[in-house]
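Residue numbers (my numbering), protein chains in the order written: chain A, 40 to 328; chain B, 1034 to 1331.
Idealized CB from N, CA, C, for every residue including glycine.
To start, the structure under review is shown below, and the notes come after it.
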Amino acid sequence: MELQLELQSQRSPRRFFPNPAKLAVNALLLLFTASCIIPLLWIGYSSLKTQAEFANNILSLPSAPQFSNYWEAIKLTNMLQLSWNSARVTFLSVIGITAIAYVTGYITARLDFKGKRAMIFYYLFGMLVPIHALLVPIYLLFKNWGLADQWYTLIIPYIAFNLSLPIMLVSSYVMGIPREIEEAAAIDGLSFSGTMYRIILPIAVPVLTTVAILQFFSCWNEFSFALVLLNDESLRTVPLGMSYFKSQHSTNYPQLMAGMILSMLPVTIIYFVFSSRIIAGVMSGAIKG
Amino acid sequence: MGKALRPRGWVLVAYLLPGLLIYSFVVLVPILAALRDSFYSWTGGPKKTYIGTGNYKEILQDDVFWHSFLNNVLMTAYGLIGQVGFGFVFALLLMSKMVKLKGLHRTMSYFPSTLAPVIIAFLWMLVYNYNYGLLNAGLTKLGLGALVQSWLDLTGPIVLLASIPLSWQNIGFFTLLMLAGLSTINKEVLEVAELDGATGVRKAWYIIIPLAKPTLVVASLLCIANNMRGFEHIYALTGGGPGNSSSVMALYAYETSFLRFRYGYGSALAIAIITLTMLMILLSTLILQRRNHSKGGA
């Protein structure tokens, strides 16, 4: 009791004055946070200017919003085609990643079998291997097997390169589910597969949602393998299409900016709708990974 | 789990096989194929000439490759400061009771991590642009017009200039990672430390940093792995230029194979990159863990 009183009297003077350290820390963090969004806001409003207006003063707000930049960007990039290609590849990859990660993660969490440690290590290796060193060998392999330049081409590397972390996330999540649930299911006569799909899968929905959202970003944004494995213009994904658009129309900045805004629209919407879940997912992955 | 629930062997294999097959096809098979191709002189046609270790001997004398490797190392160093270092400081600040709007800071600083590296590179190309760049406009506004220049044409600090977008994009991720690590520290330890009079910087230095060491080690390893394999940012931002001054290993291997059609040499480069990266990760694991032990013992 005495100790507490003493502590309070020691602390109380601080509370009444505006603390310079407190101001400085808050100002610093606000500055940092602002620096993360100001360049994007600048692109956002600059995309609504005419070329002349932009060249005249790059910082000023648009006097009359030019939505025509967006129509031009959609036409020139063939944005609808790009988005459809990206959506198809991303959707199927995310389904594949989530399904494989669930089954593999569940089994590694619950069963002991020969070679389990080797398998976990093998998947972990994928997180460290410099995947961009593999651009050349993967291109040669895909070309030999006739797998390059197909509508499904990108799904293969996208699933493979995104398995490591999801498997670990699922595995540690399943370890946190009490085993008694499965034992009860076994007594009721449910098979291993039945338990995995009908009992545990519904419980694992939160971690699977996190996995799916995080891998959505990774697949939607991927560029290198799309660059190397696709020649066919009609198969290009959004980041790939944007890079060609940029090199062909690099002088019309407001139009380029409109294209950039369009290309990041899906991830931006998903991020701000699910941000708390995404942040929690990244943090739990960080602790367990 | 009881024996009753154990699936038959073939069921287990059937469940694990799809993942292992697709993963091996894209990770293991290309490495083995690259190892084989690296002993040939091959321009992609039907003619492959066995040249033994010729490609590897050439790599040892390839100045551009070693310059690219040094750029990777330099980028890693900048990354450790800009991503792990600043991430840790911001996480510490976000832990303190003084800070308001914590949710806003977390949400906004992680947002760039969700954008495509290509878009990040375009954005920073616009920031660095001579005539229409945010950086030059800002400098002019601040009365520092003398500093205005064509940033991406500077050969000297080009690696630093290319590392800034990378740090900008990833700092939010590392802040979250650190926050997660710091949140596992026992609250009672911190309270006892405060009762003993350790506050602010002293608390951070003597209590939090030693306890956060495992998180710092994991973050550093991730950062090293990320920067050693950097490709997309550099490809889209500078294309390795001016000249080769900002080239990185993966970009050099890409150009050698796809622009000069030297697939044998490109394969040897792939093996060299994997080997060098693994060595770097191994070396840093040893260094970080040794320091960890000696600090722990002291």
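Original post:
When the Cα atoms are used, what is the spatial distance from B/S1183 to B/Y1163?
Top reply: The count along the second sequence starts at 1 and reaches residue 1183 of chain B at position 150. The count along the second sequence starts at 1 and reaches residue 1163 of chain B at position 130. Taking the straight line joining both Cα atoms gives about 5 Å.
Original post:
How about B/M1141: is its C-beta nearer than 7 Å to some C-beta of chain A?
Top reply: Residue 1141 of chain B sits at position 108 when you count from the first residue of the second sequence. Yes, B/M1141 counts as interfacial toward chain A.
Original post:
Out of curiosity, what's the CA-to-CA distance linking B/L1255 and A/S107?
Top reply: One-based indexing of the second sequence puts residue 1255 of chain B at position 222. One-based indexing of the first sequence puts residue 107 of chain A at position 68. So the alpha carbons of these two residues sit roughly 43 Å apart.
Subject >> Proximity winner among A/A325, A/M296, A/A138, relative to B/Y1165 (alpha-carbon distances) >> reply: Translated into positions along the second sequence, residue 1165 of chain B becomes position 132. Cα-wise, what sits closest to B/Y1165 is A/M296.
Original post:
In whole angstroms, what is the alpha-carbon distance linking B/D1229 and A/L173?
Top reply: To locate residue 1229 of chain B, count along the second sequence from 1; it is residue 196. To locate residue 173 of chain A, count along the first sequence from 1; it is residue 134. Cα-Cα distance, rounded: 54 Å.
Subject >> Proximal residues of chain B, C-beta to C-beta of A/G185 below 7 Å >> reply: Here residue 185 of chain A refers to the residue found at position 146 of the first sequence. Per Cβ cutoff of 7 Å: no residues; A/G185 is ~14 Å from chain B at best.
Original post:
At a Cβ threshold of 7 Å, is B/G1035 touching chain A?
Top reply: Residue mapping note: residue 1035 of chain B aligns to position 2 of the second sequence, counting from 1. Here the model assigns B/G1035 a pLDDT of 49, short of 50, so the residue's position is not dependable and the matter cannot be decided.
Original post:
How about A/S87 and A/Q105: do their beta carbons lie closer than 7 Å?
Top reply: Position 48 of the first sequence holds residue 87 of chain A. Position 66 of the first sequence holds residue 105 of chain A. The amino acid at residue 87 of chain A is misidentified as Ser; the sequence shows Leu. Yes, the Cβ-Cβ distance between A/L87 and A/Q105 is below 7 Å.
**OP:** List the residues of chain A that B/K1133 touches, going by C-beta distances under 8 Å, in chain order.
**Re:** Residue mapping note: residue 1133 of chain B aligns to position 100 of the second sequence, counting from 1. By Cβ distance, chain A contributes N65.
**OP:** Under 7 Å between beta-carbons, which chain B residues line up against A/K61? List them in chain order, please.
**Re:** Here residue 61 of chain A is taken as the residue at index 22 of the first sequence, counted from 1. The answer, in chain order, is M1131.
Original post:
Which of helix, strand or coil does DSSP assign to B/T1140?
Top reply: Mapped onto the second sequence, residue 1140 of chain B falls at position 107. Here B/T1140 sits in helix by DSSP.
Original post:
Quick one: which chain A residues come within Cβ less than 7 Å of B/I1267?
Top reply: The residue given as residue 1267 of chain B occupies position 234 in the second sequence. Those within 7 Å of B/I1267 in chain A number zero; the least Cβ separation is about 10 Å.
Subject >> Touch test, the segment 1262 to 1271 of chain B against the segment 169 to 186 of chain A, Cβ-Cβ under 8 Å, three pairs minimum >> reply: yes
Subject >> Chain-order list of residues whose beta-carbon lies under 7 Å from that of B/L1068 (same chain, five-residue window excluded) >> reply: Counted from its first residue, the second sequence places residue 1068 of chain B at position 35. So the list reads I1304, once near-sequence residues are dropped.
Subject >> Span of the alpha helix (DSSP H), counted from its first residue to its last, around B/T1082 >> reply: The count along the second sequence starts at 1 and reaches residue 1082 of chain B at position 49. Looking at the DSSP string, B/T1082 is not in any alpha helix (DSSP H); the run it does join, the beta strand (DSSP E), is 1081 to 1083.
Original post:
For chain A, is any of its Cβ atoms less than 7 Å away from the one on B/S1290?
Top reply: Taking the second sequence and counting its residues from 1, the one referred to as residue 1290 of chain B is at position 257. With 7 Å as the cut-off, B/S1290 counts as an interface residue toward chain A.
**OP:** Give the secondary structure of B/Y1089 by DSSP, where H, G and I count as helix, E and B as strand, and everything else as coil.
**Re:** In the second sequence, residue 1089 of chain B corresponds to position 56, counting from 1. In the structure shown, B/Y1089 sits in a helix (DSSP, three-state: H, G or I).
**OP:** Out of A/F164, A/C75, A/A63, A/V64, point me to the one whose CA is closest to B/I1197's CA.
**Re:** Residue 1197 of chain B sits at position 164 when you count from the first residue of the second sequence. Per the Cα distances, A/C75.
Original post:
Is the beta carbon of A/L98 less than 7 Å from the beta carbon of B/A1170?
Top reply: Your numbering for residue 98 of chain A matches position 59 in the first sequence. Your numbering for residue 1170 of chain B matches position 137 in the second sequence. In this structure, B/A1170 lies closer than 7 Å to A/L98 by Cβ.
Original post:
If contact means a Cβ-Cβ distance below 8 Å, which residues of the segment 76 to 97 of chain A contact chain B?
Top reply: I76, P78, L79, W81, I82, F93, A94, I97
Subject >> CB contact check: A/M118 to chain B, cutoff 7 Å >> reply: Residue numbering aside, residue 118 of chain A sits at position 79 when the first sequence is read from its first letter. No, because no Cβ of chain B sits closer than 7 Å to the Cβ of A/M118.
Subject >> With 16 other Cβ atoms within 10 Å as the buried cut-off, status of B/P1079 >> reply: Working through the second sequence from its first residue, we reach residue 1079 of chain B at position 46. Per the 10 Å Cβ criterion, exposed.
**OP:** Report the partner residues of B/W1075 according to the DSSP bridge assignment.
**Re:** Within the second sequence, residue 1075 of chain B is the residue found at index 42, counting from 1. B/W1075 is bridged to B/K1081.
**OP:** List the residues of chain B whose Cβ lies closer than 7 Å to the Cβ of A/G165, in chain order.
**Re:** The count along the first sequence starts at 1 and reaches residue 165 of chain A at position 126. Correct list: Y1056, V1060.
Subject >> Beta-carbon proximity check, B/F1121 vs B/Y1285, cutoff 7 Å >> reply: The residue you call residue 1121 of chain B lines up with position 88 of the second sequence. The residue you call residue 1285 of chain B lines up with position 252 of the second sequence. Contact flag unset, no.
Original post:
The alpha helix (DSSP H) with B/E1227 in it runs from where to where?
Top reply: Counting from one through the second sequence, the residue named residue 1227 of chain B turns up at place 194. Per DSSP, B/E1227 belongs to the alpha helix (DSSP H) from 1220 to 1228.
Subject >> Span of the alpha helix (DSSP H) around B/P1063 >> reply: Looking up residue 1063 of chain B in the second sequence gives position 30. First-last of the alpha helix (DSSP H) with B/P1063: 1062 to 1070.
Subject >> Extent of the continuous alpha helix (DSSP H) to which A/P176 belongs >> reply: The sequence position of residue 176 of chain A within the first sequence is 137, counting from 1. First-last of the alpha helix (DSSP H) with A/P176: 174 to 183.
**OP:** Could you tell me if B/N1219 is buried or exposed, where buried requires 16 or more neighbouring beta carbons within 10 angstroms of its beta carbon?
**Re:** Reading the second sequence from its first residue, position 186 is the one you call residue 1219 of chain B. By the 10 Å Cβ count, B/N1219 comes out exposed.
Original post:
With burial defined as no fewer than 16 other Cβ atoms inside 10 Å of the residue's Cβ, what is the status of B/K1174: buried or exposed?
Top reply: For the purposes of this step, residue 1174 of chain B is taken as the residue at position 141 of the second sequence. So B/K1174 counts as exposed.
Original post:
Checking contacts by CB at 7 Å: is A/N108 closer than that to chain B?
Top reply: Position 69 of the first sequence holds residue 108 of chain A. No, no contact with chain B.
**OP:** Identify whether A/L46 lies in helix, strand or coil by the three-state DSSP scheme.
**Re:** Locating residue 46 of chain A in the first sequence gives position 7, where the first residue counts as 1. Because A/L46 sits at a pLDDT of 47, beneath the cut-off of 50, its placement in the model cannot be relied upon, and the following sentence gives the value as read from the coordinates. A/L46 falls in the helix class under three-state DSSP.
Original post:
To which residues of the same chain is A/R316 closer than 6 Å at the C-beta, ignoring the five residues directly before and after it?
Top reply: Here residue 316 of chain A is taken as the residue at index 277 of the first sequence, counted from 1. Taken in chain order, the list of residues that qualify is empty.
**OP:** Return the CA-CA distance between A/I252 and B/A1252, expressed in angstroms with no decimal places.
**Re:** For the purposes of this step, residue 252 of chain A is identified with residue 213 of the first sequence, where counting begins at 1. For the purposes of this step, residue 1252 of chain B is identified with residue 219 of the second sequence, where counting begins at 1. Each residue's Cα considered, the two are about 22 Å apart.
**OP:** Sort B/A1237, B/I1241, B/G1052 by Cα distance to A/G135 and report the nearest one.
**Re:** Position 96 of the first sequence, counting from 1, holds the residue named residue 135 of chain A. Checking every option, the nearest Cα to that of A/G135 belongs to B/G1052.
**OP:** Please report the residue range of the alpha helix (DSSP H) in which B/S1290 lies.
**Re:** Position 257 of the second sequence holds residue 1290 of chain B. Note, B/S1290: alpha helix (DSSP H), 1282 to 1291.
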